[in-house]
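All residue numbers for the sequence shown refer to this note's numbering, where the first residue is 24 and numbers rise by one.
C-beta: ideal position from N, C-alpha, C; glycine also.
Comments concern the structure below.
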Amino acid sequence: MPAWLADQPTFAETQAELNTDLAAGEATYAVCSSCHGLNAEGNKALHAPGLANMEQRVYEASVEALQAWCPRCS
Ligand code: HEC
C-alpha cells in the first residue's frame with residue numbers, strides 16, 4: 024500500500040471520531056432559544072422562524088433543486 028494511502032483513516036475511524044454530545048447541544052441551544060423559543064417553535068414577534076422542521080425543509084429544498092436541475096428525474 025502506498026504511504027499516502029496508509030495515512031488515510033478508514034471509514035470506521037472517521038465514524039469513531041464523531042461524538043454527538045446531546046447535552047452540549049442543549050447547553051449551546053440556550054443561546055438560540057431566546058429568539059427561536061425553548062422548543063424551537065419560533066417567535067413571530069421577533070420574526071424568528073421555528074427550527075423544529077428544518078430536516079423536512081432541507082429535504083424539500085433538495086428535492087426542488089433536483090427538479091430544477093433535472094425536470095424529468097422525479
Ligand atoms: C437575536 C435573536 C436570534 C438568536 C439569538 C438566534 N436567532 Fe436564528 N434567527 C433569528 C431570526 C430573526 C431569523 C430569521 C432571519 C431571516 O429570515 O432573515 C433566524 C433564522 C435562523 C435560521 C434559518 C431558519 C429558516 O427557516 O430559514 C436558523 C437555522 C437559525 N436562525 C438558527 C439559529 C441557531 C442555531 C441559533 C443559536 C446558535 C440562533 N438561530 C440564534 C433570530 C435569532
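By how many angstroms is the C-alpha of Val54 removed from the C-alpha of Glu83?
-> 27 Å
Using the beta-carbon count (16 or more within 10 Å), is His59 buried or exposed?
-> Burial call: buried.
Taking Cβ to Cβ, would you say Ala75 is nearer than 8 Å to Glu64?
-> yes
Compute the Euclidean distance between the alpha carbons of Pro72 and Glu36, then round it to the nearest angstrom.
-> 37 Å
Tell me, which residues are paired with Ala71 by DSSP?
-> DSSP, once it has assigned bridges, lists Asn66 as partnering Ala71.
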